[in-house]
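Keeping their order, the protein sequence lines are chains A and B.
Counted from 1, the first sequence has number 276 at position 245 by the working numbering; the numbering is strictly sequential.
Counted from 1, the second sequence has number 315 at position 152 by the working numbering; the numbering is strictly sequential.
Encoded as structure tokens, the structure appears first; notes follow it.
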Amino acid sequence: MKLCFFHLMPYQDLPDNFEKDYHSVWVDAPNSLFDPKKAHHMYNDFLDELEYAEKMGFDAICVNEHHNNAYGMMPSPNLMASAMIRATSKAAVVVLGNSLALYNPPIRVAEEMAMMDVMSGGRLIAGFPLGTAMDTIFGYGQVPATLREKYTEAHDLVMKAWKEREPFAFNGKFTQLRYVNIWPRPYQQPHPPIWVPGSGSLETWDWTIDNDYVYCYLSYSGYKVGKTIMDGFWDEMERKGKEFNPYHAGFLQIVAVSETDEQAKEYKDAIEYFFKKSLHIPAGFGNPPGYRSVKTNASQAGSSTIDSRTKQLSDFTWEDYLEAGNVIVGSPETVRQELTHAVKELRVGNLMLLLQFGDMPKELALKNTTLFANEVMPYMRDIWSEYDTRWWPEGVDNSVPTPSQ
Amino acid sequence: MPETIELSLRGGDFEATVLKDGSGPPLLYLHGAVGQKGWAPFLSALAQQFTVYAPYLPGYAKSTGLEKLDDILDLTLHQFELLDALGVSKAHVVGHFLGGMIAAEMAALSPSYVDRLVLAAPAGTWRDDAQVADLLAMTAGDLQTELWSSASSSMSLSTADFEANARLKAELAADRMVDLTAAGKFLWPIPDRGLKRRAYRIKAPTLVLWGENDRIIPPVYAEDFSRLIPQAEVSIIPNAGHLLMIERSEVFSAAVAEFLS
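Have a look at this one:
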């Protein structure tokens, strides 16, 4: 299976009273709380952590896009990815991704992703999220009722821009261009593999399956809740008569490894910071009217919206997080067993690992990465070895990289 | 009881439900962002002097075609087609919030359709110093509170108003996700869609009504409409919130009837 090192780049210095006295971590958290001098160190620590993950043999490093928030400081994931492309040579670079409806004109995405693909020699995985409501509706002022239509139109334009070899005109509802003619075009032909992150929306499943893209379920509910969503996805695949392949899906899991189960409490502060501060999102921002379809809101995924989930998660204790599977924490042996179980339950071939979270200091993030790479990763590599992935970048050497000592 | 008219427009692209009652000169009532929940007492009061037509806008209740409307121009043209289909060539137009914005656009785009115009807490402009509430970020609970002049206002209502109020609160919460999907298309993120460039064309004598305690769009916005519309008078209704026509239905319908007569 593919083991991908995922980074959110959280702002790590929110005040102790943040969740009590501030409305939200997203949309309207005042940037007077942002200290540029401290964030300078955070950004550079995070880039070091990503670079280290490649050295330790992770198959990919992942970055992502968020706006107006202290949850993840990457309004432009492409900047971080391009820094990583220069600092790495083996790992796939997963930009998960560019929220297509937010770019005007959207060929900007086609251009920048083509640049990254060419610079990296074909190591790019192109992620196309619809984007959270906080990022798209509230942060970037998109109209909920037309967001998905705008997104799919932008997708069609980007794909055509990547594939066409002659200039063409594009007469869309949201974008009109007389000459579409991107330079550069992607290194990978006809285009980089496409991954679509989602949170259980039925229309995202349909669209992802119909286009033969990878569906990535990103949530912090952990694998136990995630299983109901992933089962829904696999059922939908079957209904559509598609052949099962675990690499058709990805899943994000928070993992923390220590020498012993007892020692793993060293991650408690970072876990609590993450769930109580980084995910301090009030009811109202997660699922505004029109963001999801009536059908999705009536479904299982809709009934457990980000609003209700985060409220519940913020009240959890350390033991609750472990019990619910929000985090997989413990000795290498504990993590190996639980994570292997999770992957097999979820039937996912692309595992995204969040090993740095909350206000976890760099030393602890590197320790977690080292222990995971040396003590857990080797035991997981061969899961799903009977399947091939057709959603992996061609510029990556598919042999198993050797961890550095 | 009002009659329910089902219209099919443009080859079935738009199925429109229109409530109709009363007799006298035609009056078109256009509801606001949170929709209309049946036939309210203020419509009954107006129906005593006017033939009242109260359509559900596309995307509300059983009226369809929202996805065929890209912008406020499309939505406004839809109202003219509705009037044509009803056989009404000229009407008084009364609109609340989103409906007020459409009513003003109708009067600006095609003045001959509009006899007299009543704008109740209309949307359509923007003030940095007094921002329109963010309806999309409100929970059902927030919305139920913010739509009224104050949480305890129902204590001072007549029995009929109190019952209408209580019924409405429950239905507003239930329908919020669908209703505000439609409203968001024309009001989000900023409800200024260019009316200020067109309002000079409004020929109809205009009454601008506002609830004194409107917490969705504060009464200071009345200044925009009195400045932009050539013949506009403003009246502020005391002890009323955003849903002034529900909360103070007798005062509201009396003010409207007097202006139109």
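Beta carbons: idealized from backbone N, C-alpha and C, even for Gly.
Quiz item: In terms of residue numbering, what span does the beta strand (DSSP E) encompassing residue 36 (chain A) cover?
Solution: Segment 33-37, the beta strand (DSSP E) holding residue 36 (chain A).
Quiz item: From A:268, A:218 and A:295, pick the residue whose C-alpha is nearest to that of residue 242 (chain A); which is it?
Solution: A:268
Quiz prompt | Limits of the unbroken alpha helix (DSSP H) element including residue 242 (chain B) | solution = 235-249
Quiz item: When Cβ atoms are compared, which residues of the region 349-370 of chain B fall closer than 8 Å to chain A?
Solution: Listed by position along the chain: 351, 352 and 353.
Practice problem: Go through its chain and collect everything with a Cβ distance to residue 168 (chain B)'s Cβ below 7 Å, but skip five positions before and after it. | Solution: 181 and 183
Quiz item: Three-state secondary structure (DSSP) at residue 246 (chain A)?
Solution: strand
Quiz item: Hey, is the region 47-64 of chain A in contact with the region 120-137 of chain A, meaning 3+ C-beta pairs nearer than 8 Å?
Solution: no
Quiz prompt | Residue-chain proximity (residue 168 (chain A), chain B), Cβ-Cβ < 8 Å | solution = yes
Exercise. Provide the residue(s) that pair with residue 286 (chain A) in DSSP beta bridges, ordered along the chain.
Key: A:359
Quiz prompt | Inter-residue spacing [alpha-carbon to alpha-carbon] between residue 168 (chain A) and residue 262 (chain B) | solution = 23 Å
Self-check item: Cβ distance (whole Å) where residue 245 (chain B) is taken to contact residue 218 (chain B) below 8 Å
Solution: Right, their Cβ atoms sit about 6 Å apart.
Quiz item: Does residue 261 (chain B) have its Cβ less than 8 Å from a Cβ in chain A?
Solution: no
Quiz item: Taking Cβ to Cβ, would you say residue 285 (chain A) is nearer than 8 Å to residue 377 (chain A)?
Solution: no
Quiz item: Which residues does DSSP pair with residue 216 (chain B) in a beta bridge?
Solution: B:183 and B:191
Quiz item: So what does DSSP say about residue 171 (chain B), is it helix, strand or coil?
Solution: strand
Quiz prompt | Neighbour flag for residue 178 (chain B) against chain A, beta carbons, 8 Å | solution = No, residue 178 (chain B) does not count as interfacial toward chain A.
Self-check item: Closer than 7 Å at the beta carbon, the chain B residues around residue 174 (chain A)
Solution: Chain B residues near residue 174 (chain A): 347, 348 and 351.
Quiz item: In chain A, which residues lie with their C-beta within 7 Å of the C-beta of residue 339 (chain B)?
Solution: Going along chain A in sequence order, the residues near residue 339 (chain B) (Cβ under 7 Å) are 320.
Practice problem: Using alpha carbons as the reference points, say which of A:258, A:236 and A:345 lies closest to residue 311 (chain A). | Solution: A:345
Quiz item: Buried or exposed: where does residue 431 (chain A) fall if 16 or more other Cβ atoms within 10 Å of its Cβ makes it buried?
Solution: Per-residue confidence for residue 431 (chain A) stands at a pLDDT of 46, beneath the threshold of 50, marking its modelled position as unreliable; no derived number is given.
Quiz item: Are the beta-carbon atoms belonging to residue 388 (chain A) and residue 316 (chain A) less than 8 Å from one another?
Solution: Going by C-beta atoms, residue 388 (chain A) is not nearer than 8 Å to residue 316 (chain A).
Practice problem: Can you tell me which of the three DSSP states residue 382 (chain B) falls into? | Solution: The answer is helix: DSSP assigns residue 382 (chain B) an H, G or I state.
Practice problem: Please determine, among B:331, B:404, B:188 and B:201, the residue with the shortest C-alpha to C-alpha distance to residue 375 (chain B). | Solution: B:404
Quiz item: Along the region 276-306 of chain B, what residues have a CB closer than 9 Å to any CB found in chain A?
Solution: 297, 298, 299, 300, 301, 302, 304 and 305
Practice problem: Anything in the region 305-330 of chain A with a Cβ closer than 8 Å to a Cβ of chain B? List those residues in chain order, please. | Solution: The residues in question are 314, 315, 316, 319, 320, 321, 325 and 328.
Quiz item: Between residue 166 (chain B) and chain A, is there a C-beta pair that is closer than 8 Å?
Solution: no
Quiz item: How would you list, in chain order, the residues of chain A whose beta-carbon sits under 8 Å from the beta-carbon of residue 344 (chain B)?
Solution: 175, 176, 320 and 321
Quiz item: Got a sec, what are the start and stop residues for the beta strand (DSSP E) residue 397 (chain B) sits in?
Solution: 395-400
Quiz item: According to DSSP, is residue 278 (chain B) helix, strand or coil?
Solution: strand
Quiz item: Quick one, which of B:235, B:291, B:249 and B:294 has its alpha-carbon nearest residue 265 (chain B)'s?
Solution: B:235
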